[in-house]
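Undergrad: Right, I'll just put the structure down here and ask away after.
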Amino acid sequence: GQNIDQPTEMTATEGAIVQINCTYQTSGFNGLFWYQQHAGEAPTFLSYNVLDGLEEKGRFSSFLSRSKGYSYLLLKELQMKDSASYLCAVISNDYKLSFGAGTTVTVRA
Amino acid sequence: GAVVSQHPSRVICKSGTSVKIECRSLDFQATTMFWYRQFPKKSLMLMATSNEGSKATYEQGVEKDKFLINHASLTLSTLTVTSAHPEDSSFYICSARETRDYEQYFGPGTRLTVT
Numbered sequence: 725g726q727n728i729d730q731p732t733e734m735t736a737t738e739g740a741i742v743q744i745n746c747t748y749q750t751s752g753f754n755g756l757f758w759y760q761q762h763a764g765e766a767p768t769f770l771s772y773n774v775l776d777g778l779e780e781k782g783r784f785s786s787f788l789s790r791s792k793g794y795s796y797l798l799l800k801e802l803q804m805k806d807s808a809s810y811l812c813a814v815i816s817n818d819y820k821l822s823f824g825a826g827t828t829v830t831v832r833a
Numbered sequence: 662g663a664v665v666s667q668h669p670s671r672v673i674c675k676s677g678t679s680v681k682i683e684c685r686s687l688d689f690q691a692t693t694m695f696w697y698r699q700f701p702k703k704s705l706m707l708m709a710t711s712n713e714g715s716k717a718t719y720e721q722g723v724e725k726d727k728f729l730i731n732h733a734s735l736t737l738s739t740l741t742v743t744s745a746h747p748e749d750s751s752f753y754i755c756s757a758r759e760t761r762d763y764e765q766y767f768g769p770g771t772r773l774t775v776t
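The listed protein sequences derive, respectively, from chains G and F.
Count the first sequence with this note's numbering and you get residues 725 to 833, in order.
Count the second sequence with this note's numbering and you get residues 662 to 776, in order.
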């Protein structure tokens with residue numbers, strides 16, 4: 725089975741940095757995705773990690789440690805529009821995505 | 662980039678009726694399509710995996726006779742919610758995958774409300 729854990733909620737100030745952690749225990753691993761989802765909309769792709777290390781893409785970075793079953797998404801220079809739910813998802817050998825419950829990030833002025 | 666569309670975006674139906682939701686990959690051929698449902702403030706839950714030309718594979722606890730999935734071509738999959746009940750009200754999202762790609766491209770979702 726799949727077990728993916730991430731915090732339920734986080735709050736930060738505009739311009740600040742927030743780190744969303746995700747731990748996973750899965751049967752079969754072919755990479756980890758981070759998605760952003762605004763209320764009532766479908767998820768949008770942020771990052772994909774399959775090798776250990778840090779992937780940086782503009783204000784967003786994602787880190788993976790396969791031996792620890794751990795990933796984080798780092799959001800820098802927070803903007804009000806970054807208020808959303810962030811979903812950690814692991815893809816298994818059969819191409820199925822298993823999602824964590826999502827972390828709701830609220831950015832305050 | 663790869664685009665997936667869903668139709669309708671919103672639908673309201675009465676209990677006992679059936680509703681069909683279409684998922685289309687617009688600029689690529691989708692070997693596999695996935696159907697998810699999402700309840701408010703909850704994460705996406707995979708309902709079924711649909712491969713072109715073959716029967717869908719349903720996740721445990723999902724009734725295949727209630728949620729009919731057809732994947733007739735490499736660009737179209739449909740989900741029909743039969744004899745809908747209020748508890749079927751949810752946000753239904755499809756995604757599509759190309760043959761040699763792990764990434765899934767998500768449709769915009771369909772909000773179903775059963776009255």
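All C-beta atoms, glycine included, are put in the ideal place defined by N, C-alpha and C.
Does chain G have any CB closer than 8 Å to the CB of L740 of chain F?
TA: Not closer than 8 Å to any Cβ of chain G, the Cβ of L740 of chain F fails to qualify, so no.
Undergrad: Taking Cβ-Cβ distances below 9 Å as the criterion, which residues of the region 766 to 798 of chain G are in contact with chain A?
TA: Structure shown: chain A not included; protein chains present are G and F.
Undergrad: Hey, quick one: how far does the beta strand (DSSP E) through Q749 of chain G stretch, first residue to last?
TA: V742 to Q749
Undergrad: Using a Cβ-Cβ cut-off of 6 Å (strictly less than) and excluding sequence neighbours within five positions of K725 of chain F, which residues of its own chain qualify?
TA: Y719
Undergrad: Please classify P767 of chain G as buried or exposed, where buried requires at least 16 other C-beta atoms within 10 Å of its C-beta.
TA: buried
Undergrad: On the DSSP letters alone, give me the boundaries of the beta strand (DSSP E) that T737 of chain G sits inside.
TA: Residues E733 to T737.
Undergrad: May I have the straight-line CA-CA distance separating V664 of chain F from G770 of chain F, to the nearest angstrom?
TA: 13 Å
Undergrad: What does A757 of chain F pair with, by DSSP beta-bridge criteria?
TA: Per DSSP, the beta-bridge partners of A757 of chain F are F:M694 and F:Y766.
Undergrad: What would DSSP say about D729 of chain G, mapped onto helix, strand or coil?
TA: strand
Undergrad: What residues from chain F crowd round L815 of chain G, counting only those whose CB sits closer than 9 Å?
TA: The sequence as given places Ile at residue 815 of chain G; Leu does not occur at that position. Within 9 Å Cβ-Cβ: Y763, E764 and Q765.
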